């Protein structure tokens, strides 16, 4: 029998491949696979559904991620998918698979984080499943949300000349992960040594306890802005911009100098000899919102400290990064390392 | 630090323990944890949500369960939870965690079963997640459904003198499992021996490719019957009856002689020296519907070959099994083995 390794397709390749064989037939199904959440017409509003599965050793490492934080983060990541449709999360179900390595106290700690996040985001935990597994911990959460039919934002709605905007700042979650991985390696090679995490609160919190930007969704409504397209940044800015461009059928110009990066990320990146822009482009798990708005909305946005215009959409062109020196480079989801290595000294600015 | 083994609480104990700390706050949340599905008020109708997680080595054994059947069964089990609310499933999301042991072809086979079930039950696959895991296969499905506000059936609605009714027949899925486990053991001790499964189509199909009783839900509506309470039989008749009794605050009388058991199950049980009634009471995964109806509905039901009245509810009494000899025995979720062993010869009838 034929055997094709899944790694050959990659995560997006596999999902695309499987999705091709899936037909939707219900008249109520507005959008199936392919956006941050599925969209179902329930009358006055749209219902949104999204789901995420996290597996131990792949998505989280319990050596440094406390179970409580893991529970919080799992909920936040799901709520973020509803935010990415410009919607409001309302309910979640939580399924966990646990081996006998985990005690009742461990499950309680995980649920403390889940309940804390549910309270913070005002979502009800209405169901779930708690089952045994032969090894490790698996957390699978499904979130339900809602959005007004005149408020929904798909990945596919961006158009020529519209502004590309991001909430918050980028790259911090990735820097937090680098720090935790480094201290884990030190600990493993020299047991007994205490991890050196002092002064890195911001990047650690961004990695271990990220927040979904429900506040940003609310602010956009208050500002009278309806995003023309939207996605959340879970896999890195470059990858998410490419999703918006692909699904909207446009290109874009992303200005490196505009990408919002916290000063502590710049400092930490310097310690790790990493380019901060690379952290923002390729590092994931920031859970900020990336969206486009009509040019006419610029005046409403410009005063807000929560949003940064980082570029604009360009019809009939490729997605490009405009570097600080003004040179243009095709935006790709991966392979930035070589580009940044070639910049040499420049990246230390 | 304290360590309490989860096995000490058991599955239901753990869920109950965790549920105690979960508060629901949304006015739209009609029912959270504690029934076959959560119930959310979306205006004209109720939205239903349920989720199930299946882990390799615990819920399925790929030695004898083909991946295609596993995919089908996972969807059927979820759809069954919506049936158990007297509702209609409309959409599912499917998350799978897979180790590198699984090839693309294996995932495709799993999805063939998922898609076949989605087509059979007329549900749209609208989302999911496909992630790596360090070991084994995990399948987590969430189902969405709907039900008219005047049609919904909770576990808690049963009342004194109402009839206890079951769809189809019971115990076959359990007998199928016994057969598969026996042939697996033979195969493992004598490699190369072909499994002897001939003549056991019915019990094998009931175990490997069970169906959700969407037809039974439709029939009840056609018969003009609204069940007063309902649950699906995933854990064995005794356990499910106890759920209905507990949540409805009643007892019941279950008549052993009325329990519908297929003749092939009786024959197979005899081969295994098992009591067929025990298979029905304690064997799970039949996915039939157990429900109560008003006494006045008896005339509408009695002509149907799809439903069997197996007892009635009794207020202020315990849940009891009335054996063939007329003796009454307290119904318990487990521990029937001793009871049936003591019956000796009788059970061979």
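Residue numbers (the working numbering), protein chains in the order written: chain A, 276 to 624; chain B, 276 to 624. The beta carbon of each residue, even a glycine, is placed where N, CA and C say it ideally should be. Model, not experiment: these values are computed from the prediction.
(request) Check the Cβ of residue 376 of chain A against every Cβ in chain B and list those closer than 9 Å, keeping chain order. (result) Translated into the one-based positions of the first chain, residue 376 of chain A becomes position 101. Neighbourhood of residue 376 of chain A in chain B, by CB distance below 9 Å: empty, with the nearest CB roughly 10 Å away.
(request) Compile a chain-ordered list of the residues in the stretch 407–433 of chain B whose CB is closer than 7 Å to at least one CB of chain A. (result) Within the stretch 407–433 of chain B, the qualifying residues are 407, 408, 409, 410, 411, 413, 415, 417, 419.
(request) Starting from residue 270 of chain A, trace the beta strand (DSSP E) both ways and give me its first and last residue. (result) Beyond the ends of chain A as shown, which are 276 and 624, falls residue 270 of chain A; an answer cannot be given.
(request) Could you tell me which chain B residues have their CB closer than 9 Å to the CB of residue 489 of chain A, listed as they occur along the chain? (result) For this step, residue 489 of chain A is matched to residue 214 along the first chain. Those do not exist, as residue 489 of chain A stays about 15 Å from chain B at its closest Cβ, beyond 9 Å.
(message) Give me the subset of the stretch 356–371 of chain A whose CB atoms are less than 9 Å from a CB atom of chain B, sorted by chain position.
(response) Under the 9 Å Cβ criterion, the stretch 356–371 of chain A contributes 365, 366, 368, 369, 370, 371.
(request) In the DSSP assignment, find the alpha helix (DSSP H) that holds residue 629 of chain B and state where it starts and stops. (result) A question about residue 629 of chain B goes unanswered here, because the residues of chain B that appear run from 276 up to 624.
(message) If I follow the unbroken beta strand (DSSP E) through residue 506 of chain A, where does it start and stop?
(response) Within the first chain, numbered from 1, the residue matching residue 506 of chain A stands at position 231. Run containing residue 506 of chain A: 504–507, per the beta strand (DSSP E) assignment.
(message) Does the CB of residue 291 of chain A have a neighbour CB from chain B at under 8 Å?
(response) If you number the first chain from 1, residue 291 of chain A lands on position 16. Not closer than 8 Å to any Cβ of chain B, the Cβ of residue 291 of chain A fails to qualify, so no.
(message) Taking its Cβ as the centre, do 16 or more other Cβ atoms sit within 10 Å of residue 591 of chain B, making it buried, or is it exposed?
(response) Counted from its first residue, the second chain places residue 591 of chain B at position 316. Under the 10 Å beta carbon count, residue 591 of chain B is surrounded by fewer than 16 other beta carbons and is classified as exposed.
(request) Assess, as a yes-or-no matter, whether the stretch 278–296 of chain B is touched by the stretch 405–420 of chain B under the definition of 3 or more beta carbon pairs within less than 8 Å. (result) Counting C-beta pairs with one atom in each stretch, the stretch 405–420 of chain B and the stretch 278–296 of chain B have fewer than three that are closer than 8 Å, which means they do not touch.
(message) Taking CB distances under 8 Å as the criterion, tell me whether residue 331 of chain B reaches chain A.
(response) Position 56 of the second chain, counted from the start, is the residue given in the question as residue 331 of chain B. Cβ-Cβ to chain A under 8 Å: yes for residue 331 of chain B.
(request) Tell whether a beta-carbon distance below 8 Å holds between residue 505 of chain A and residue 328 of chain A. (result) Along the first chain, one-based indexing puts residue 505 of chain A at 230. Along the first chain, one-based indexing puts residue 328 of chain A at 53. Taking a C-beta distance under 8 Å as the contact criterion, residue 505 of chain A and residue 328 of chain A do not qualify as a contact pair.
(message) Quick check on the DSSP output: the beta strand (DSSP E) that includes residue 604 of chain A runs from which residue to which?
(response) Working through the first chain from its first residue, we reach residue 604 of chain A at position 329. 603–605 is the extent of the beta strand (DSSP E) around residue 604 of chain A.
(request) Could you work out which residues of chain A lie near residue 299 of chain B, taking near to mean beta carbons separated by less than 8 Å? (result) For the purposes of this step, residue 299 of chain B is identified with residue 24 of the second chain, where counting begins at 1. What residue 299 of chain B touches in chain A: 399, 400, 401.
(request) Compute the beta-carbon to beta-carbon distance between residue 555 of chain A and residue 445 of chain A, rounded to the nearest angstrom, for a pair I have assumed lies under 8 Å. (result) Numbered from 1 along the first chain, position 280 holds the residue referred to as residue 555 of chain A. Numbered from 1 along the first chain, position 170 holds the residue referred to as residue 445 of chain A. Between residue 445 of chain A and residue 555 of chain A the Cβ distance is about 4 Å, and since that is below 8 Å, they are a contact.
(request) Helix, strand or coil for residue 595 of chain B, going by three-state DSSP, please let me know. (result) As a first step, residue 595 of chain B must be located in the second chain, where it is residue number 320. In this structure, DSSP gives residue 595 of chain B an extended state, which the three-state scheme calls strand.
(request) Kindly indicate if chain B contains any beta-carbon less than 8 Å away from that of residue 556 of chain A. (result) Within the first chain, numbered from 1, the residue matching residue 556 of chain A stands at position 281. With its beta carbon at least 8 Å from every one in chain B, residue 556 of chain A lies outside the interface.
(message) Can you list, in chain order, the residues of its chain with a C-beta nearer than 7 Å to that of residue 528 of chain B? Leave out the 5 residues immediately preceding and following it.
(response) Along the second chain, one-based indexing puts residue 528 of chain B at 253. Once the five neighbours on either side are set aside, the close Cβ partners of residue 528 of chain B are 586, 587, 589, 595, 597.
(request) Could you name each continuous alpha helix (DSSP H) segment of 4 residues or more that falls completely within the stretch 363–427 of chain A, going from the start of the chain to the end? (result) Within the stretch 363–427 of chain A, the complete alpha helix (DSSP H) runs of at least 4 residues are 379–395.
(request) Spell out whether any CB of chain A is found under 8 Å from the CB atom of residue 511 of chain B. (result) Taking the first residue of the second chain as 1, we reach residue 511 of chain B at position 236. Under the Cβ distance rule, residue 511 of chain B does not count among the residues neighbouring chain A, no pair being separated by less than 8 Å.
(message) If we define contact as Cβ-Cβ less than 8 Å, is residue 390 of chain A a contact residue for chain B?
(response) In the first chain, counting from the first residue as 1, residue 390 of chain A sits at position 115. The beta carbon of residue 390 of chain A falls within 8 Å of a beta carbon belonging to chain B, placing the residue at that interface.
(message) Please confirm whether residue 286 of chain B has its beta-carbon closer than 8 Å to some beta-carbon of chain A.
(response) Looking up residue 286 of chain B in the second chain gives position 11. With respect to chain A, the C-beta atom of residue 286 of chain B has a partner C-beta closer than 8 Å.
(message) Report the CB separation of residue 487 of chain B from residue 351 of chain B in whole angstroms; it is logged as a contact under 8 Å.
(response) As a first step, residue 487 of chain B must be located in the second chain, where it is residue number 212. As a first step, residue 351 of chain B must be located in the second chain, where it is residue number 76. Residue 487 of chain B to residue 351 of chain B, Cβ: 5 Å. Contact.
(request) Could you check which residue in B/303, B/301, B/390, B/580 has the C-alpha nearest to that of residue 253 of chain B? (result) Look at the range of chain B in this structure, 276 to 624, and you will see that residue 253 of chain B is not part of it.
(request) Report the residue from B/344, B/547, B/336 whose alpha carbon sits nearest the alpha carbon of residue 484 of chain B. (result) Taking the first residue of the second chain as position 1, residue 484 of chain B is located at position 209. Checking every option, the nearest Cα to that of residue 484 of chain B belongs to B/344.
(message) With a threshold of 8 Å between beta-carbons, can residue 382 of chain B be considered close to chain A, or not?
(response) On the second chain, position 107 is the one that residue 382 of chain B refers to. For residue 382 of chain B, the nearest CB of chain A lies under 8 Å from its own CB, placing it at the interface with that chain.
(request) Can you grab the Cα-Cα spacing for the pair residue 551 of chain B / residue 419 of chain A, in whole Å? (result) In the second chain, counting from the first residue as 1, residue 551 of chain B sits at position 276. In the first chain, counting from the first residue as 1, residue 419 of chain A sits at position 144. Cα to Cα, residue 551 of chain B sits roughly 42 Å from residue 419 of chain A.
(request) Compare the C-beta of residue 281 of chain B against all C-beta atoms of chain A and say whether one is closer than 8 Å. (result) Looking up residue 281 of chain B in the second chain gives position 6. Yes - at least one Cβ of chain A is within 8 Å of the one on residue 281 of chain B.
(request) Pull up the distance between the alpha-carbon of residue 542 of chain B and that of residue 448 of chain B, whole angstroms please. (result) Here residue 542 of chain B is taken as the residue at index 267 of the second chain, counted from 1. Here residue 448 of chain B is taken as the residue at index 173 of the second chain, counted from 1. Each residue's alpha carbon lies about 14 Å from the other.
(request) Compute the Euclidean distance between the alpha carbons of residue 395 of chain B and residue 368 of chain B, then round it to the nearest angstrom. (result) Your numbering for residue 395 of chain B matches position 120 in the second chain. Your numbering for residue 368 of chain B matches position 93 in the second chain. Pairing residue 395 of chain B with residue 368 of chain B, the inter-Cα distance amounts to about 16 Å.
(request) Note down the Cα distance separating residue 427 of chain B from residue 494 of chain A, rounded to an integer number of angstroms. (result) Along the second chain, one-based indexing puts residue 427 of chain B at 152. Along the first chain, one-based indexing puts residue 494 of chain A at 219. For the pair residue 427 of chain B and residue 494 of chain A, the Cα-to-Cα distance works out to about 39 Å.
(message) Threshold first: 3 residues or longer. Then list the beta strand (DSSP E) segments lying entirely within the stretch 307–331 of chain A, N to C.
(response) The qualifying runs are 313–316, 320–330.
(message) Counting only Cβ pairs nearer than 8 Å, list the residues of chain A close to residue 318 of chain B.
(response) Counted from its first residue, the second chain places residue 318 of chain B at position 43. Residues of chain A passing the Cβ test: 317, 318, 319.
(request) Hey, could you find the ends of the beta strand (DSSP E) residue 441 of chain B is sitting in? (result) The residue labelled residue 441 of chain B in the question sits at position 166 within the second chain. From DSSP, the beta strand (DSSP E) with residue 441 of chain B extends over 438–442.
(request) Run down chain A in chain order and give the residues with a C-beta less than 9 Å from the C-beta of residue 386 of chain B. (result) Numbered from its first residue, the second chain carries residue 386 of chain B at position 111. What residue 386 of chain B touches in chain A: 293, 296, 297.
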